[in-house]
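In the numbering used here, the protein residues as written are 119 to 409. In this text, a Cβ means the ideal position worked out from N, Cα and C, and glycines have one as well. The structure appears below as structure tokens.
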Ligand SMILES: Cc1cc2nc3c(=O)[nH]c(=O)nc-3n(C[C@H](O)[C@H](O)[C@H](O)COP(=O)(O)OP(=O)(O)OC[C@H]3O[C@@H](n4cnc5c(N)ncnc54)[C@H](O)[C@@H]3O)c2cc1C
């Protein structure tokens, strides 16, 4: 297949800047997808989907399959009456700004989430602390391409969206595009103020100057976030190899010195063990480990 490249290093395609080569790698436009999927499935090549790599840890040994990257080729963004239609590769801050330009509120929370529409729908991305909101609040429905070549339109209920999870993550299908409801007409100045407030809140609380994947763990049940438990366990600033628990926000792991996937995974496991032993709390990862 012409559009398939071999041995493409994945680290530059992730926000952690970690990850070995993909054996096969492609950035297809919509019409190239059916043939690409057929090529991989008939050869029994495993398929991985990658948006902006802002919620994944990729193994240093790489992925012996086909990585389909959406961020550059599936990024059409348009308005259709009371909807926004966005390709799966659309950058969430662009979607936020586009909705604001149309005079609609409700998308401000996306301004600081550096992922794509496809990744955010698959993860049911959102905020839990500052003005809580999730993708479920704005997604009308979305189209997925299954590995048998069929296309289906689904809703967030169809894929049992819960806190940072949908069944898409277990189904191995590609989100092609999503439709968003424009349901909250807003005052442009207020939207701008809200958008800046989101960015300011992040700047105050998050290590935005370091390569990270955002929150490493999901919030456990109860009122305290994962970062609170990690900090109470004395792990803020704790380091393994080039990976460090952020001194700014303990639920974020920073790549401060050419961290390997193994450094990060060892640190994640260490945090889970210490927090379980000392506080009886099970921390579940929010990030996905692709290996
Ligand atoms: C600085 C920073 C801040 C963050 N803040 C937040 C936050 O406030 N809230 C939040 O929820 N998350 C946050 N995140 C995490 C992340 O940005 C979101 O989860 C985002 O939605 C992931 O999108 P992505 O395109 O990067 O997905 P990726 O990391 O590329 O992929 C994530 C998962 O989705 C799957 N996937 C990606 N695209 C598709 C597709 N088209 N079809 C099917 N499956 C797909 C992948 O296979 C993988 O399993 C943050 C991350 C960073 C680095």
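Legend entry - Coarse secondary structure for residue 196, derived from DSSP in three states: The sequence position of residue 196 within the chain shown is 78, counting from 1. Note: residue 196 maps to strand in three-state DSSP.
Legend entry - Nonlocal neighbours in the same chain, by C-beta distance under 6 Å from residue 376, ignoring five residues either side: One-based indexing of the chain shown puts residue 376 at position 258. For residue 376, where only same-chain residues beyond five positions count, the Cβ hits under 6 Å are 360.
Legend entry - Minimum C-alpha distance to residue 389 - residue among 364, 276, 295: For this step, residue 389 is matched to residue 271 along the chain shown. Among 364, 276, 295, the Cα nearest to that of residue 389 belongs to 364.
Legend entry - N- and C-terminal bounds of the beta strand (DSSP E) containing residue 166: Position 48 of the chain shown holds residue 166. Here the beta strand (DSSP E) through residue 166 covers 165-168.
Inset, instruction - Consider the C-beta atom of residue 173 and the heavy atoms of ligand 1; say whether any pair is separated by less than 7 Å. - result: Counting from one through the chain shown, the residue named residue 173 turns up at place 55. For ligand 1, at least one heavy atom lies less than 7 Å from the Cβ of residue 173.
Legend entry - Three-state secondary structure assigned by DSSP to residue 247: Walking along the chain shown from the start, residue 247 turns up at place 129. Coil at residue 247, not helix or strand.
Legend entry - C-alpha distance - residue 306 paired with residue 215, whole-angstrom precision: Along the chain shown, one-based indexing puts residue 306 at 188. Along the chain shown, one-based indexing puts residue 215 at 97. Roughly 11 Å between the two C-alpha positions.
Legend entry - One or two residues paired with residue 92 in a DSSP bridge: Shown here, the chain extends from 119 to 409; a query on residue 92 therefore has no answer.
Inset, instruction - With distances taken Cα to Cα, identify the nearest neighbour of residue 400 among 386, 296, 279. - result: The residue given as residue 400 occupies position 282 in the chain shown. Of the listed residues, the one whose Cα sits closest to residue 400 is 386.
Inset, instruction - Could you tell me how far apart the beta carbons of residue 332 and residue 172 are, in whole angstroms, since I believe they sit closer than 8 Å? - result: For the purposes of this step, residue 332 is identified with residue 214 of the chain shown, where counting begins at 1. For the purposes of this step, residue 172 is identified with residue 54 of the chain shown, where counting begins at 1. Yes, they are in contact, since the Cβ atoms of residue 332 and residue 172 sit about 7 Å apart, within 8 Å.
Legend entry - Complete runs of the alpha helix (DSSP H) confined to the region 317-367 [at least 4 residues]: 344-350
Inset, instruction - Tell me whether the beta-carbon of residue 211 lies closer than 8 Å to the beta-carbon of residue 133. - result: If you number the chain shown from 1, residue 211 lands on position 93. If you number the chain shown from 1, residue 133 lands on position 15. Against a cut-off of 8 Å, the Cβ pair of residue 133 and residue 211 comes out as no contact.
Inset, instruction - With hydrogens ignored, establish whether the beta-carbon of residue 232 is closer than 7 Å to any heavy atom of ligand 2. - result: Looking for ligand 2 in the displayed structure turns up nothing; the ligands present are ligand 1.
Inset, instruction - Out of 129, 409, 407, 187, state which residue places its alpha-carbon closest to the alpha-carbon of residue 292. - result: Position 174 of the chain shown, counting from 1, holds the residue named residue 292. Taking only the C-alpha atoms, the option nearest residue 292 is 187.
Inset, instruction - Output the distance between the C-alpha atoms of residue 209 and residue 398, rounded to the nearest integer angstrom. - result: On the chain shown, position 91 is the one that residue 209 refers to. On the chain shown, position 280 is the one that residue 398 refers to. Between residue 209 and residue 398, the C-alpha separation is close to 38 Å.
Legend entry - Minimum C-alpha distance to residue 380 - residue among 369, 164, 244, 357: Here residue 380 refers to the residue found at position 262 when the chain shown is read from its first residue. Residue 357 is the option with its Cα nearest to residue 380.
Legend entry - For residue 177, the three-state DSSP class (helix, strand or coil): Along the chain shown, one-based indexing puts residue 177 at 59. The answer is coil: DSSP assigns residue 177 none of H, G, I, E or B.
Inset, instruction - Check the DSSP bridge columns for residue 372 and list the partner residues they point to. - result: Here residue 372 corresponds to residue number 254 of the chain shown, with the count starting at 1. In DSSP, residue 372 forms a bridge with 362.
Inset, instruction - Determine the contact status of residue 203 and residue 297, defining contact as a CB-CB distance below 8 Å. - result: The residue given as residue 203 occupies position 85 in the chain shown. The residue given as residue 297 occupies position 179 in the chain shown. Yes, the pair counts as a contact, with Cβ atoms nearer than the cut-off.
Legend entry - Min CB distance residue 289 to chain D below 8 Å: Protein chain content of the structure displayed is limited to a single chain, and chain D is not contained in it.
Inset, instruction - Scan the region 263-313 and note each continuous alpha helix (DSSP H) run of 4 residues or more that stays entirely inside, going in chain order. - result: 286-289
Legend entry - Simplified DSSP assignment, three categories, for residue 384: Taking the chain shown and counting its residues from 1, the one referred to as residue 384 is at position 266. Here residue 384 sits in helix by DSSP.
Inset, instruction - Provide the residue span of the alpha helix (DSSP H) that contains residue 237, from first to last. - result: Stepping through the chain shown from its first residue, residue 237 is reached at position 119. 235-241 is the extent of the alpha helix (DSSP H) around residue 237.
Inset, instruction - With DSSP collapsed to three states, give me the class of residue 155. - result: Position 37 of the chain shown, counting from 1, holds the residue named residue 155. Residue 155: helix per DSSP, three-state reduction.
Legend entry - Three-state secondary structure (DSSP) of residue 150: Locating residue 150 in the chain shown gives position 32, where the first residue counts as 1. If DSSP states are grouped into helix, strand and coil, residue 150 belongs with the helices.
Legend entry - Residue closest to residue 253, alpha-carbon to alpha-carbon, out of 273, 372, 313: Your numbering for residue 253 matches position 135 in the chain shown. Out of 273, 372, 313, 273 has the C-alpha closest to the C-alpha of residue 253.
Legend entry - Length of the line joining the Cα atoms of residue 280 and residue 242: Along the chain shown, one-based indexing puts residue 280 at 162. Along the chain shown, one-based indexing puts residue 242 at 124. If you take the alpha carbons of residue 280 and residue 242, they lie about 7 Å apart.
Legend entry - Helix, strand or coil at residue 399 [DSSP, three-state]: Taking the chain shown and counting its residues from 1, one reaches residue 399 at position 281. Looking at residue 399 - three-state DSSP - the assignment turns out to be coil, as it is neither helix nor strand.
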